[in-house]
Amino acid sequence: MVTPAPTLSELLAVTLARTFADDEVGFTGLVTGGAAAIYGTAIPLAGMMLAKETHAPGLTILLAGWSHNPDLARLDALPDAEFDETLYDLPCEAQMTGYPYWAVKRGDIDFGFSSAVQVDQVGNINSVCVGDYRRPTVRLVGPILQPEHMAIFGREYVMMPHHERRNFVARVDFVSGVGYPGGLAGRRALGLDGGGPECVVTPRCIFDFDREAGRMRVRSIHPGVTPESLRHATGFDLGDLSRVPVTPPPTPEELDILRQHVDPRRVLLPG
Amino acid sequence: MSSPRSKLGSLVDAVGLIPDGTRLALGGFAVYQHPMALVRELVRQGRRDLTVVGHVNGNDVDLLAGAGCLRRVESSYVGLEKYGLALNFRRRVEAGELLMVDYPEVASFDRFRASRDGLTFWPCGYLGGTDILTHNAEIRAFDCPITGRRLHAIPPADPDVVVIHAVAADERGNVVVPPRRLLPQSLDITMAGAADTVIVTVESVLSRGDLRRHSRWVEIPSYRVAMVVLAPWGAHPCPVLGRYRGDDAHFREYVAASSTPDGFAGYLRTYVTGPRDHWGYLDLLGAERLTRLQEIGTW
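Here it is as structure tokens:
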């Protein structure tokens, strides 16, 4: 029997899973709607569950800020509301009646996931507006929890469902989550002693950061994506891409656990 | 023997406590448990120049924005979650007709904690580098007097009037918030501590005896409450946890209508200014539609 090749969603879930350590706490909200839901919620959840099934059994999944280690295998569909009955009635380890402030504010959360409309080359993200703040071309939802994610959490995975020039810009129109302006020294000067974006995950590649220089760099390019198309889709200079590797594929074992145990009914990751 | 004054009033009475220009806080969160019956009455009464100070807002702010009732909004989010962007809000801000003041989410909660705790600011250590600071002169930098660390003082929410929607209260104003609750209901309790004028719309009004039997679930005692308004299904189309689900079909109709100003004017005529009051709104929706939204109803 031939195992079907990994989908992009599976590749990203496995890539993320390898970076989560045992006994960490990972925070994800319930992002809704098509690709945004897959990047913002489904891939992070699948990655965290895979890590729990393999090298990180003590990982805590904190979903929507209040449900600890929910029994996601019981779901018929990915929940689409953070505070309604479906998630309320889903069995879990600890259900909070508010955000656990020790986690959100004191710093117990080791990593979180953000989505944004724009990200720039120092890793700032924007979900507030496109264009001038007072007369925006597009007014978006607002900063929400992004300032907290990008400053208080140990590290942040920026999950971008779209990778086009309008999303990857030289300078975001509004900084709602702070990257590395001026590098690590720049962050410290802003009063941000820890945290910040760890990597930026897109349908074309994975970025990480030269933190000292405060600059995003391409860590790996997904199979089938050419350096030329990546440059074309990115609104800032990517430097020399000739030595950038292809995103490493899942092992057969990782893929098997993901398909048989984490998401057997394809609730999280569509085929 | 004398008995304490009843605080029961109508939605019209409640809106009488919210004149033009009021700094108003509305309970609920995103698309959950907003006091929508009160919001619709604000539109019927033609309120203008309101400021909504909130934390995570949704169709509450969007409806008021679309009806032209708002001058200013302070929040971390105005959107409709799975139903999409808040299109009236978006249109008004893009046109420069509505002033938006952005705050982070947890800092927005803290602004209500500051008001509740009688403080003149709340300290915040994670705002450096954000454009929230660029556009908000009311947030002031200061050095922590203990450690010298650079912090920011965020102003308290300080609403003139708070309105929340709860499952039950007695006519004195003792408000039941059952243990079946999540972040939105918990934040309502915080918000109800943050102003001198608190209005509570409720699914049901309890007798004094029933209230005393559920007193362990009273999270807001009567002296905090200025008025109680009976408004069953008063959060519709939002859900009330444990009572009824959100009305997905209505939300989708709302979003479709709000894609143009004319479409939204039609929505307002049909669902807000058309019905004479909240009871007329419920008659328009009909018993079958409402009944189908009911939850199991356990506390």
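Just so you know, the protein sequences line up as chains A and B, in that order. If you're matching positions, the first sequence starts at 1 in this note's numbering and goes up one per residue. If you're matching positions, the second sequence starts at 272 in this note's numbering and goes up one per residue. For glycine and all other residues, C-beta sits at the position ideal for the given N, C-alpha and C. All of these numbers come straight from a predicted model, not from anything done at the bench.
Based on the DSSP secondary-structure assignment, which residues constitute the bridge partners of residue i?
i	result
Thr-28(A)	Leu-63(A)
Trp-393(B)	Ile-425(B)
Gly-112(A)	Phe-27(A) and Glu-156(A)
Tyr-303(B)	Phe-300(B)
Phe-207(A)	Val-200(A) and Val-218(A)
Val-371(B)	One detail in the question is off: residue 371(B) reads as Met in this sequence, not Val. Met-371(B) is bridged to Val-344(B).
Ser-475(B)	Ala-439(B)
Gln-118(A)	Asn-126(A)
Arg-294(B)	Thr-322(B)
Leu-279(B)	Val-499(B)
Val-175(A)	Answer by DSSP bridge pairing: none, since Val-175(A) is not bridged.
Gly-350(B)	Leu-356(B)
Ile-38(A)	Answer by DSSP bridge pairing: none, since Ile-38(A) is not bridged.
Using a cut-off of 9 Å between C-beta atoms, extract the partners of residue i located in chain A.
i	result
His-406(B)	Tyr-133, Arg-134 and Phe-174
Tyr-525(B)	Neighbours of Tyr-525(B) on chain A: none; closest Cβ ~16 Å, over 9 Å.
Lys-278(B)	Per Cβ cutoff of 9 Å: no residues; Lys-278(B) is ~27 Å from chain A at best.
Gly-534(B)	Correct list: empty, because the minimum Cβ distance to chain A is about 19 Å.
Gly-367(B)	Arg-134 and Arg-135
Helix or strand or just coil, what does DSSP make of residue i?
i	result
Thr-468(B)	strand
Ser-574(B)	This structure cannot speak to residue 574(B), because chain B is shown only from 272 to 570.
Arg-219(A)	strand
Gly-337(B)	helix
Glu-10(A)	helix
Ile-144(A)	coil
Arg-135(A)	coil
Gln-565(B)	strand
Asn-359(B)	helix
Asn-126(A)	strand
Thr-251(A)	coil
Ile-270(B)	Because residue 270(B) is not part of the residues shown, which for chain B are 272 to 570, the question remains open.
His-68(A)	strand
Met-150(A)	helix
Glu-212(A)	coil
Leu-501(B)	strand
Gly-98(A)	coil
Ile-403(B)	helix
Asn-330(B)	helix
Tyr-88(A)	helix
Tyr-273(A)	Given a span of 1 to 271 for chain A in the structure shown, any question on residue 273(A) remains unanswerable.
Might you give, ordered along the chain, the residues of its own chain that have their beta carbon closer than 6 Å to the beta carbon of residue i, omitting 5 neighbours on each side?
i	result
Asp-573(B)	One cannot answer for residue 573(B) here, as it falls past the ends of chain B, which runs 272 to 570.
Gly-505(B)	Ala-308, His-436 and Thr-472
Ser-379(B)	His-326 and Ser-347
Pro-91(A)	Asp-71
Arg-171(A)	Asp-120
Sorry if obvious, but does the Cβ on residue i come closer than 8 Å to a heavy atom of the ligand ATP?
i	result
Ala-42(A)	This structure lacks the ligand ATP, and indeed carries no ligand of any kind.
Starting from the beta carbon of residue i, find every residue of chain A whose beta carbon is closer than 7 Å, and list them in chain order.
i	result
Ser-281(B)	Correct list: empty, because the minimum Cβ distance to chain A is about 29 Å.
Phe-392(B)	Here the premise fails: no neighbours, minimum Cβ distance about 16 Å.
Val-364(B)	Pro-136 and Arg-139
Phe-300(B)	Phe-83
Check the Cβ of residue i against every Cβ in chain A and list those closer than 8 Å, keeping chain order.
i	result
Gly-517(B)	Ala-81 and Asp-84
Ser-457(B)	Thr-97 and Gly-98
Arg-387(B)	Result: empty, since nearest Cβ-Cβ is about 14 Å, beyond 8 Å.
Ile-435(B)	None at all; the shortest Cβ gap to chain A is about 15 Å.
So residue i contacts chain B; which residues on that side make the cut at Cβ distance below 8 Å?
i	result
Leu-145(A)	Ser-347, Pro-375, Glu-376 and Val-377
Pro-181(A)	Gly-400
Thr-54(A)	Result: empty, since nearest Cβ-Cβ is about 32 Å, beyond 8 Å.
Gly-33(A)	Lys-353 and Gly-355
By Cβ distance, which residues of its chain are closer than 8 Å to residue i, with the 5 residues on each side in sequence left out?
i	result
Ala-527(B)	Gly-534
Ile-109(A)	Val-25, Gly-26, Phe-27, Leu-62, Ala-103, Ile-152, Phe-153 and Gly-154
Val-476(B)	Leu-279, Ala-439, Ala-440, Asp-441, Glu-442, Val-499 and Leu-501
Which chain B residues are close to residue i, counting only those with a beta carbon under 9 Å from its beta carbon?
i	result
Glu-148(A)	Pro-375, Glu-376, Val-377, Ala-378 and Tyr-397
Val-14(A)	Neighbours of Val-14(A) on chain B: none; closest Cβ ~28 Å, over 9 Å.
Tyr-88(A)	Arg-451, Leu-453, Leu-512 and Gly-513
Whose C-beta lies closer than 7 Å to the C-beta of residue i among residues of the same chain, with five residues either side of it excluded?
i	result
Glu-249(A)	According to the sequence provided, residue 249(A) is Pro. The question's Glu does not apply to it. Only Pro-6 and Leu-11 meet the Cβ criterion.
Arg-211(A)	Tyr-180, Gly-183 and Leu-184
Residues of chain B with CB under 7 Å from residue i, in chain order?
i	result
Ile-152(A)	Tyr-397
Thr-28(A)	What Thr-28(A) touches in chain B: nothing, since even the nearest Cβ is about 15 Å away.
Gly-142(A)	Ser-346, Ser-347, Tyr-348, Val-349 and Asp-373
Stretch pair the segment 387 to 406 of chain B + the segment 141 to 149 of chain A: three plus CB contacts closer than 8 Å: Short answer: they touch.
Cβ contact (3+ pairs, closer than 8 Å) linking the segment 321 to 335 of chain B and the segment 351 to 371 of chain B: Yes, the segment 321 to 335 of chain B is in contact with the segment 351 to 371 of chain B.
Stretch pair the segment 233 to 248 of chain A + the segment 19 to 31 of chain A: three plus CB contacts closer than 8 Å: With a cut-off of 8 Å, the segment 19 to 31 of chain A and the segment 233 to 248 of chain A do not count as touching, because too few Cβ pairs lie within range.
Meets three-Cβ-pair contact criterion under 8 Å: the segment 452 to 460 of chain B and the segment 410 to 423 of chain B: Flag = no, the segment 452 to 460 of chain B and the segment 410 to 423 of chain B do not touch.
Stretch pair the segment 43 to 58 of chain A + the segment 244 to 262 of chain A: three plus CB contacts closer than 8 Å: Three or more beta-carbon pairs separated by less than 8 Å link the segment 43 to 58 of chain A to the segment 244 to 262 of chain A, which places the two stretches in contact.
Contact the segment 65 to 75 of chain A vs the segment 114 to 124 of chain A: 3+ CB pairs below 8 Å: No, they do not touch.
Validate contact between the segment 153 to 169 of chain A and the segment 351 to 370 of chain B using beta carbons, cut 8 Å, 3 pairs: With a cut-off of 8 Å, the segment 351 to 370 of chain B and the segment 153 to 169 of chain A do not count as touching, because too few Cβ pairs lie within range.
Segment contact, 8 Å Cβ cut-off, at least three pairs: the segment 133 to 144 of chain A with the segment 90 to 104 of chain A: Contact fails: fewer than three Cβ-Cβ distances are below 8 Å.
Touch test, the segment 529 to 549 of chain B against the segment 304 to 324 of chain B, Cβ-Cβ under 8 Å, three pairs minimum: The segment 529 to 549 of chain B, when compared against the segment 304 to 324 of chain B, does touch it at the 8 Å Cβ threshold.
Validate contact between the segment 511 to 521 of chain B and the segment 483 to 493 of chain B using beta carbons, cut 8 Å, 3 pairs: Result no; under three Cβ-Cβ pairs closer than 8 Å.
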